[in-house]
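First the structure, in the form of structure tokens, and then the observations on it.
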Amino acid sequence: MAQIFSRAADTWFRVAMLVIVGGLIGVFIVAMLLERSDYQTGRGWTVDQPVPFSHQHHAGALQIDCRYCHAGVERSARAGFPPTHTCMSCHSQLWTQAEMLAPVRRSLEEDRPLRWNRVIKLPDYVYFQHDVHVQSGVGCVSCHGQVDTMPLLHKAEPLSMSFCLECHRDPAPRLQPRETVADMAWHTDEDRRHLGERLMREYRVDPAGLTSCSVCHR
Amino acid sequence: MNARWHAGVVLLLALGGAGCDDMSRQHKAQDQAASTFFADGKVDQAPPPGVVSREQAARDAELARRPPLDAALLARGAERYRIYCAPCHGLAGDGHGLVVARGFPAPPAFTEARLREAPDRHFMEVIANGYGQMYGYAARVPPADRWAIVAHIRALQLSQHTEAASLPDAQRRALPGGAP
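Note that the protein sequences, when read in sequence, are chains Y and D. Per the numbering used here, residue 1 is the first one in the first sequence, and the count goes up by one each step. Per the numbering used here, residue 1001 is the first one in the second sequence, and the count goes up by one each step.
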């Protein structure tokens, strides 16, 4: 009677096992890497806009405070896109003929808001509140990066759940005095953890509740 | 038997398909988003004419009453002034802000006689509704902050328009050219 298994059968079986198990692990690793890649999170990517607005020019060179335009950031959940009226506070006088600003003038004339495209779009099951972060001493820079150096706005951080949790688990070394949140160049020689712990007491930030699901999801 | 088997497959597919929607984009109206429901294409709708805000009374009261002048009010005023006024009026209130340096018509210095003599009401009114080339800031600067900014403007005027003789000795000695 002939042999059922060839002499190589054992080797083939081992190779097959290795390929199947290794392949599964490989697929898993590639999926994890893709999920965290800048391609997936959008970090570093600019977005087409109706007007190529430069934060570098306005917030950097002209030193206009973030809150001049994003006026809701201290008292509402959303920082808010500025209304056309805000753009026209200066552009009613400056660059009034510029082709680049034609959509802004048209928006004012027709009383229709400009349709900016979101650079940062959190999932709809995340209920992010700007006001509570600003009032607790989280600087704009912490999540948005050096916006004053960006000719076209891009995401500076992945803003993934793990990014949020990193700070929610241990906020102290990332907090800064409330008065300095919009200061892109803020710096202190004081120990950040020491300062942060003092600020947490002062602003009544309770780290125990910060990692509870319902803080961000509801 | 066969029908039950089919029903099972359909149920499994439905369950599997449900996982494809991770609910990161939900059909709900969000601030400042576009809407296909309203004719003007906006989610945010202005209240119907004649509606009075619940906060209107509180806002009116804030507008009418000048808050007591203290260090906290001045600090708030200095911060708000830096955010909303300094781009044109300049940090010193001389009308040489960075936006003016780029060609915006220069506003008058706060030390002008007309503005030193103007009542607080004048500044409250201008902050809210604008003046000349200046747009109104009512939407961005709530009444309490307007009072704080007025206090800061008064501080700027005082700091640049005071009789040297009226200063305390220590400060007078610190002046350049040092009064005796």
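All C-beta atoms in this analysis are idealised placements derived from N, C-alpha and C, irrespective of residue type, glycine included. In this text the structure is predicted, and so the values were computed from the model without any measurement.
A Cβ-Cβ separation of about 19 Å leaves ALA172 of chain Y out of contact with CYS140 of chain Y under the 8 Å criterion. The C-alpha of SER1024 of chain D is placed about 19 Å away from the C-alpha of HIS130 of chain Y. The beta-bridge partner set that DSSP reports for THR1036 of chain D is empty.
ARG1116 of chain D is positioned such that its CB atom lies closer than 9 Å to that of GLN1157 of chain D. Scanning its chain for C-beta atoms nearer than 6 Å, with the 5 sequence neighbours on each side dropped, one finds around ALA1109 of chain D the residues ASP1094, GLY1095, in chain order.
Around CYS140 of chain Y, no beta-carbon contact reaches into chain D at under 7 Å, the shortest distance being about 13 Å. Within the same chain, ALA1128 come within 6 Å of ALA1138 of chain D by CB-CB distance, once the 5 residues on both sides are set aside.
Taken through DSSP and simplified to helix, strand or coil, TYR1131 of chain D comes out as strand. Among the residues facing chain Y, ASP1021 of chain D is not included, as its CB has no counterpart in that chain under 9 Å away. For the region 46 to 68 of chain Y, the residues whose beta carbon sits under 9 Å from a beta carbon of chain D are, in order, ALA61, LEU62, GLN63, ILE64, ASP65, CYS66, ARG67, TYR68. For THR11 of chain Y, the uninterrupted alpha helix (DSSP H) run begins and ends at 9 to 36, by DSSP.
The DSSP-derived three-state label of ARG112 of chain Y is coil. Against chain Y, the beta carbon of ARG1140 of chain D has neighbours under 7 Å at ALA71, listed in chain order. By the neighbour-count definition (other C-beta atoms within 10 Å, threshold 16), TYR1081 of chain D is a buried residue. Here DSSP, grouped into helix, strand and coil, assigns LEU175 of chain Y to strand.
Along the region 70 to 97 of chain Y, the positions whose C-beta sits under 8 Å from a C-beta of chain D are ALA71, ALA77, ARG78, GLY80, PHE81, PRO83, HIS85, THR86, MET88, SER89, CYS90, SER92, GLN93, LEU94, read in chain order.
Counting only runs that start and end inside the region 40 to 110 of chain Y, the alpha helix (DSSP H) elements of at least 4 residues fall at 66 to 69, 84 to 91, 102 to 110. Contact with chain D is found for TYR125 of chain Y, since one of that chain's Cβ atoms lies less than 9 Å from the residue's Cβ. Ranking Y:LEU152, Y:THR84, Y:LEU122 by CA distance to the CA of CYS216 of chain Y puts Y:LEU122 first. Partner residues in a beta bridge of VAL205 of chain Y, as assigned by DSSP, do not exist. One Cα belongs to CYS1088 of chain D, the other to ALA1113 of chain D, and the distance between them is close to 20 Å. If you look at PHE163 of chain Y, you'll find it in the alpha helix (DSSP H) that goes 161 to 169. According to DSSP, residue pairing for VAL1126 of chain D in a beta bridge does not occur. The beta carbon of TYR1131 of chain D sits no closer than 9 Å to any beta carbon of chain Y. When rounded, the separation of the alpha-carbon atoms in LEU1069 of chain D and ASN117 of chain Y is 43 Å. Our two residues, ARG1076 of chain D and VAL1126 of chain D, have alpha carbons roughly 19 Å apart in a direct line.
In the three-state DSSP reduction, HIS1161 of chain D falls in the coil class, being neither helix nor strand. At least 9 Å separates the CB of SER1035 of chain D from every CB of chain Y.
For VAL138 of chain Y, the pairing in a beta bridge is given by DSSP as Y:LEU175. A straight-line Cα-Cα distance of about 20 Å links SER54 of chain Y and VAL73 of chain Y. Between HIS144 of chain Y and THR46 of chain Y, the CB-CB gap reaches or exceeds 9 Å. For GLY1136 of chain D, the closest alpha carbon among the candidates Y:PHE163, Y:PRO83, Y:GLU179 is that of Y:PRO83. When secondary structure is reduced to three states using DSSP, HIS133 of chain Y falls in the helix class.
When Cβ-Cβ separations below 9 Å define contact, PRO1105 of chain D makes contact with chain Y. Neighbours of ARG115 of chain Y across chain D, judged by C-beta separation under 8 Å: ALA1034. VAL132 of chain Y and HIS1027 of chain D have their C-alpha atoms roughly 26 Å apart.
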